[in-house]
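Trainee:
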Amino acid sequence: MSRQLWTGDEAVAWGAIQAGCSLSAAYPGTPASEIQEVIGKSGAGVPVYWCINEKVAYETALGASYANQRVLVSMKHVGLNVAMDSFMNSVFTGVNGGLVLAVGDDPSMYSSQNEQDSRLLAAFAKTFCLEPSDPQEAFTMTQTAFEISEQLHLPVLLRLVTRICYGEGQVETDFSRRAANEILLQHDRRRWVVVPSNARVLHKKLNARQRELEAISEGLPFNEIHLLAKKRGIIASGVAYAHVREHWNGSDSLLKIGSYPLPQALLQRFLEHCQEIIVVEEGEPLVERALARLDRKVHGKLDGTFPREWEMTPDLVAQALTLPYSHRPAEVDLPPRYPGFCAGCGYNRAFAALKRLAPPVVTGDIGCYSLAAFPPLEVIDTIVCMGASIGMALGLAYSGIKPVAVLGDSTFFHAGLPPMVDAVHNRADLLVLILDNEITAMTGGQPTPAWDNDGKAPVALEQVLGGLGAPFRVFNPNRPEAELDEVFRQAYAQPGPMVLISRSPCLTEGKRRKAA
Amino acid sequence: MNKVDVVIAGIGGQGNLLVAGLIAKAALSQGLEAKRSEIKGLAQRGGPVQSLVRIGEKVWSPLIEQGSADILLGLEPVEALRYVQFLAPSGKAIASSNFAPNPVSFSQEEILTKARNHGFFLLPATELARQAGNVQSANIVVLGAASHFFPFPAEVFHRAIEENVKRFLEENLKAFELGRQAIVIQP
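Taken in sequence, the protein lines are chains A and B. Under my numbering, think of the first position of the first sequence as 1, with each following residue one higher. Under my numbering, think of the first position of the second sequence as 1001, with each following residue one higher.
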C-alpha cells in the first residue's frame, strides 16, 4: 500500500483506472475537468475522449457500456442538464458494462452560472448515487460504483462538489488493476429500444426495483451510525460530514450518509433514538425533506438553521451546534481586484471593436469572455448557458432587433451549432462573432474538434460554416483598430446571418503547453 | 501537535498552489495527515487565488474556520489582508510587501500600515527572489519565512522542494533560505 496525496478528481480518475475502466468520455467543466485530464496523463492506457458536449459524452459512454465495457463519463453539474435526456433514458434501458457518471457540483458557484444538487437528478432518474466525503472515499466509491452499476445494470451517479474535486487528501492504494471486461455484444431490443410499448414495461420494472436499490444502500460501509446517550442527533452527508467531524465531540449521536436512495432502516433506527435532529448537507435539503414528513424536531435548511444557498462550512456547523465561535472582523477597506483578460489576449481587442460598433444588444455565452460583461468593457448583455448566445439571438432577430451573438470556438461546437442551423434556415438577421482561440481555454486547455493532434481529423470552423451555407469572414483581432472597425461595420451592415471569426490563439494556454 | 491551519493568499500566477502542495507533502513525509483545498476558475486571468492547507494527526474538513488559522501566508499584501479574519488570535501572518499590479488605484503605504497593525511580518519577497536568481520564486521566499512556524525543521521543506520542484531548483532552495533568514525568531 502506498499513501498518495490526491485531489478528489485524481482519486476518481485512479479509482476508475484501477476498477478496469476501458474508456473515459467527458466535456470539460470546472470542477470536474481534471478527472479525465488525469486519466489521459496517467499512462494507464485508458483512452480518453473530449467530446463536443456532455450529451455526446454520455452517449459515447453508453455505447461502450453496450459492448460490455466499463466506462467513466465526467462533467460539471450544468453539463448533466445537457446530457439529461440520455441519462434519464439510460436508466430505462439499463447498462451492460459498468457506467459511472461523475458529476462535479459547484456550491457557492465559484465557477458556474447556477447551483444544482445532482443528488436530486439521480433520484429523479431513479438510479443509484454515491457521495464521497473526502478523496479516500472518492477513490473507494468510484470502484464500488462500477460494482453496483454492473450488479443493478444501472448507471451510477457519483456526486462530487468543488471542495471534493479540488480538495487534496491522503489516499491509500496499491495501484492494482482489475482486468478490463471482455467486449461482448448481446442484443436485447425489449430493453434497448425505448419505444412506448417497451418503455411502459421498463418503467414498471424500474419502479419495482427501487427496493433493491434501497437494500444495497442499506448495506454499504459509506453509511455509518453512532448512537450515543445524548438525544440530539446529527445527520451529515458528503463533504458536510467532514465539517461536522471537525466539531463532533462524541456526545451527539451521528449518522453519516454516503449513498442514495437513503438507507431507510438506518434512518429509522436513528430517528427512534434521537429527540432532536440537525441535518447538515451540501446543496438542497434532500435528506431533511425525507425526514420532515415525520413527527420529529428536524433542523436544517428548511427551518433556517442553515442558509439555502452557497456551500456548507465548518463555521456554519459550529453555529448550528451552538459551539463557541469567535473570529476577528474582516479588513473591510481594501482595494478590489477584478480578473481581466490576459495581457495580449485577442479577445480584448475584438470586444473593444464590438463596443465601438454599439449594436442594440449583444448576447453572450460561457467562457473567459464573460469578463466582457464587466467594466471596463461592459459590452455583453446576457449570459445564460452554453450556446444561448445564438439561440437567444434568434428570438431577438425574429422580434426585429438585430443582435450580435458572441461565443468561443469550443462553445460553438458544444451547443452553438444547432441554433446556427436555424439561423441559416430562417435567414435570421443576426451577426455571430466566434472568438476562436483554438482551444478550450477556460477549463485548462482541452482540445477542440479543430485540432489535428494524435492523427485526428480536424473539423475546421470554415468547413462547418461553409457546409451550412453561412457567410463568414476570418480576421485577426491584432490588426489596427480602424481595420477592425471596418470589418465589424461591413459584417453588421450585411443582411444576416453573417459570421465573423476572430482568430488569435490563447497565449496563456500556449505558454503553459510550452512549459510542460 | 494538534494541527496547523494555513491560509495562502495571492493572485493567479504567483505559485500559490505550489506552496500549498509543498506544505502538504512536507506534512505527509512527517507521518501527518494533510488536506488542501483551493479555489481557481478565473485565477489564471489575474484574479485572487486562495489555498487552504490543514495538517495534523487527524484532519477532517478541507476548510478552515474564521478565527482559527495558525498561519496566514500572503504572496501579495492586499490579498493577504483580504483573509485576515481567518487568523486565530495567536496566529502568525507572513506576507510579501511587494504589490502585484492592480488597475484600481490605492495607497500602498496605507496597506502596509494596515498589515503592520494586524501584526504582519512583511518581507520584500520579490527582491529576495531576484537575489536568489529567479524572480518567480517569491512564493518560496515567503514559505521560507513562514517555515519557522511549522512543527518540523527546515530540512523537511528542503526535501519537499527537491522532490517536487523541477525548474530552478538551486534558485528555489536559495530563495527559501533568504526568506527563512529574513525573519529572526527570538528564542
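We treat Cβ as the ideally placed atom computed from N, Cα and C, and that holds for glycine. All of these numbers come straight from a predicted model, not from anything done at the bench.
Put ARG293 of chain A into one of helix, strand or coil per three-state DSSP.
Mentor: Looking up residue 293 of chain A in the first sequence gives position 293. Note: ARG293 of chain A maps to coil in three-state DSSP.
Trainee: How many angstroms separate the CA atom of THR508 of chain A from the CA atom of PRO339 of chain A?
Mentor: Start at 1 with the first residue of the first sequence, and residue 508 of chain A comes out as number 508. Start at 1 with the first residue of the first sequence, and residue 339 of chain A comes out as number 339. In a straight line, the C-alpha of THR508 of chain A is about 14 Å away from that of PRO339 of chain A.
Trainee: Using 10 angstroms around the beta-carbon of HIS243 of chain A, count the other beta-carbons present and answer buried if the total reaches 16, otherwise exposed.
Mentor: Residue mapping note: residue 243 of chain A aligns to position 243 of the first sequence, counting from 1. So HIS243 of chain A ends up on the buried side.
Trainee: On the CB-based measure, 16 or more other CB atoms within 10 Å of its CB, does ASP454 of chain A come out buried or exposed?
Mentor: On the first sequence, position 454 is the one that residue 454 of chain A refers to. That one is exposed.
Trainee: Against GLY1159 of chain B, what residues of chain A qualify as contacts under a CB-to-CB distance less than 9 Å, listed in chain order?
Mentor: Along the second sequence, read from residue 1 onward, the residue named residue 1159 of chain B stands at position 159. The question names Gly, but residue 1159 of chain B in the sequence shown is Arg. Those within 9 Å of ARG1159 of chain B in chain A number zero; the least Cβ separation is about 15 Å.
Trainee: Whole angstroms are fine: how far does the CA of TRP50 of chain A sit from the CA of VAL432 of chain A?
Mentor: Here residue 432 of chain A is taken as the residue at index 432 of the first sequence, counted from 1. Here residue 50 of chain A is taken as the residue at index 50 of the first sequence, counted from 1. Distance between the alpha carbons of VAL432 of chain A and TRP50 of chain A is about 25 Å.
Trainee: Is the CB-CB distance between LEU160 of chain A and ALA145 of chain A below 8 Å?
Mentor: As a first step, residue 160 of chain A is located in the first sequence; it is residue number 160 there, counting from the start. As a first step, residue 145 of chain A is located in the first sequence; it is residue number 145 there, counting from the start. Their beta carbons are not under 8 Å apart, which means LEU160 of chain A does not touch ALA145 of chain A by this criterion.
Trainee: Under the three-state reduction of DSSP, which class applies to GLN1050 of chain B: helix, strand or coil?
Mentor: Numbered from its first residue, the second sequence carries residue 1050 of chain B at position 50. It is a strand residue.
Trainee: Can you tell me which of the three DSSP states TRP6 of chain A falls into?
Mentor: Locating residue 6 of chain A in the first sequence gives position 6, counting from the first residue. Looking at TRP6 of chain A - three-state DSSP - the assignment turns out to be strand.
Trainee: CB-CB under 8 Å to GLY1067 of chain B, same chain, minus the five flanking residues each way: which ones, in chain order?
Mentor: Here residue 1067 of chain B refers to the residue found at position 67 when the second sequence is read from its first residue. Within the same chain, GLY1067 of chain B has close Cβ partners GLN1085, PHE1086, LEU1087, ALA1088 and PRO1089.
Trainee: Among A:PRO505, A:LEU417 and A:GLU483, which one has its Cα closest to the Cα of GLN463 of chain A?
Mentor: For the purposes of this step, residue 463 of chain A is taken as residue 463 along the first sequence, with counting starting at 1. Of the listed residues, the one whose Cα sits closest to GLN463 of chain A is A:LEU417.
Trainee: How many Å lie between TYR27 of chain A and ILE1111 of chain B at the Cα?
Mentor: On the first sequence, residue 27 of chain A is found 27 positions in, with the first residue counted as 1. On the second sequence, residue 1111 of chain B is found 111 positions in, with the first residue counted as 1. When rounded, the distance between both Cα atoms is 43 Å.
Trainee: Within the 8 Å Cβ cut-off, does PHE1121 of chain B reach chain A?
Mentor: Reading the second sequence from its first residue, position 121 is the one you call residue 1121 of chain B. Chain A, which has no Cβ nearer than 8 Å to the Cβ of PHE1121 of chain B, makes this no.
Trainee: Could you tell me which chain B residues have their CB closer than 7 Å to the CB of LEU5 of chain A, listed as they occur along the chain?
Mentor: Position 5 of the first sequence, counted from the start, is the residue given in the question as residue 5 of chain A. Residues of chain B passing the Cβ test: ALA1024, LYS1025, LEU1028 and ALA1034.
Trainee: Report the three-state DSSP secondary structure of VAL82 of chain A (helix, strand or coil).
Mentor: Counting from one through the first sequence, the residue named residue 82 of chain A turns up at place 82. Helix.
Trainee: Going by DSSP in three states, LEU334 of chain A sits in which element: helix, strand or coil?
Mentor: Taking the first sequence and counting its residues from 1, one reaches residue 334 of chain A at position 334. Coil at LEU334 of chain A, not helix or strand.
Trainee: Using the beta-carbon count (16 or more within 10 Å), is ASN207 of chain A buried or exposed?
Mentor: Position 207 of the first sequence holds residue 207 of chain A. Counting Cβ neighbours within 10 Å, ASN207 of chain A comes out exposed, since fewer than 16 surround it.
Trainee: Going by C-alpha to C-alpha distance, which of A:GLY15, A:GLU281 and A:SER111 sits closest to ARG119 of chain A?
Mentor: In the first sequence, residue 119 of chain A corresponds to position 119, counting from 1. Checked all of A:GLY15, A:GLU281 and A:SER111; the closest Cα to ARG119 of chain A is A:GLU281.
Trainee: Would you list, in sequence order, the uninterrupted beta strand (DSSP E) runs of no fewer than 3 residues that lie entirely inside the region 295-321 of chain A?
Mentor: As far as the region 295-321 of chain A is concerned, its whole beta strand (DSSP E) runs of at least 3 residues are 297-299.
Trainee: Buried or exposed: PHE374 of chain A, going by 16 or more other Cβ atoms within 10 Å of its Cβ?
Mentor: Here the question's residue 374 of chain A lines up with position 374 in the first sequence. The residue is exposed, with fewer than 16 neighbouring Cβ atoms inside 10 Å.
Trainee: Measuring only between beta-carbons, confirm whether ALA236 of chain A sits less than 8 Å from chain B.
Mentor: As a working note, residue 236 of chain A is residue 236 in the first sequence. For ALA236 of chain A, the answer is no, since every Cβ of chain B falls outside 8 Å of its Cβ.
Trainee: Cα separation between PHE536 of chain A and GLY29 of chain A?
Mentor: Nothing can be reported for residue 536 of chain A: it is not among the residues displayed for chain A, which extend from 1 to 516.
Trainee: As an exercise, report each continuous alpha helix (DSSP H) stretch of at least 4 residues that is fully enclosed by the region 150-238 of chain A, in chain order.
Mentor: As far as the region 150-238 of chain A is concerned, its whole alpha helix (DSSP H) runs of at least 4 residues are 162-165, 189-192, 196-208 and 210-219.
Trainee: Indicate whether LYS256 of chain A and TYR241 of chain A have their beta-carbon atoms separated by less than 8 Å.
Mentor: Here residue 256 of chain A refers to the residue found at position 256 when the first sequence is read from its first residue. Here residue 241 of chain A refers to the residue found at position 241 when the first sequence is read from its first residue. Contact flag set, yes.
Trainee: Tell me, please, which residues DSSP counts as bridged to MET498 of chain A.
Mentor: Along the first sequence, read from residue 1 onward, the residue named residue 498 of chain A stands at position 498. A:LEU431, per the DSSP bridge assignment.
Trainee: Grab me the residues of MET442 of chain A's own chain with a C-beta within less than 6 Å of its C-beta, minus the 5 sequence neighbours each way, in chain order.
Mentor: Counted from its first residue, the first sequence places residue 442 of chain A at position 442. For MET442 of chain A, where only same-chain residues beyond five positions count, the Cβ hits under 6 Å are GLY367 and CYS368.
Trainee: Determine whether the Cβ of VAL1104 of chain B lies closer than 8 Å to any Cβ atom of chain A.
Mentor: Taking the second sequence and counting its residues from 1, the one referred to as residue 1104 of chain B is at position 104. Yes, VAL1104 of chain B counts as interfacial toward chain A.
Trainee: With a threshold of 8 Å between beta-carbons, can GLN36 of chain A be considered close to chain B, or not?
Mentor: Taking the first residue of the first sequence as 1, we reach residue 36 of chain A at position 36. Taking Cβ atoms only, chain B never reaches closer than 8 Å to GLN36 of chain A, which makes this a no.
Trainee: Could you run through the region 161-174 of chain A and flag, in chain order, every residue whose CB is less than 7 Å away from some CB of chain B?
Mentor: Correct list: ARG163, TYR166, GLY167, GLU168, GLY169 and GLN170.
Trainee: If distances are taken between C-alpha atoms only, which option among B:LEU1032, B:ALA1069 and B:ALA1125 comes closest to HIS327 of chain A?
Mentor: For this step, residue 327 of chain A is matched to residue 327 along the first sequence. The shortest Cα separation from HIS327 of chain A among B:LEU1032, B:ALA1069 and B:ALA1125 belongs to B:ALA1069.
Trainee: With 8 Å as the limit, tell me which residues of the region 82-112 of chain A have their beta carbon closer than that to any beta carbon of chain B; keep them in chain order.
Mentor: Against chain B - using a Cβ distance shorter than 8 Å - the residues of the region 82-112 of chain A are TYR110 and SER111.
Trainee: In or out: GLN18 of chain A buried (at least 16 other Cβ within 10 Å) or exposed?
Mentor: Against the first sequence, residue 18 of chain A aligns to sequence position 18. By the neighbour-count rule (16 or more Cβ atoms within 10 Å), GLN18 of chain A is buried.
Trainee: Name the chain B residues whose beta carbon is nearer than 7 Å to that of GLU282 of chain A?
Mentor: Here residue 282 of chain A refers to the residue found at position 282 when the first sequence is read from its first residue. Chain B residues near GLU282 of chain A: none, gap ~12 Å exceeds 7 Å.
Trainee: Would you kindly work out how many angstroms separate the C-alpha atoms of HIS1158 of chain B and VAL1141 of chain B, rounded to a whole number?
Mentor: Within the second sequence, the letter at position 158 stands for residue 1158 of chain B. Within the second sequence, the letter at position 141 stands for residue 1141 of chain B. Each residue's alpha carbon lies about 12 Å from the other.
Trainee: So if I threshold CB-CB distances at 9 Å, which residues from the region 358-389 of chain A count as touching chain D?
Mentor: Protein chains A and B are contained in the structure displayed, whereas chain D is not.
Trainee: Of the choices A:PHE270, A:ARG211 and A:TYR325, whose alpha-carbon is the least far from that of ALA236 of chain A?
Mentor: Against the first sequence, residue 236 of chain A aligns to sequence position 236. When only C-alpha atoms are compared, the closest one is A:PHE270.
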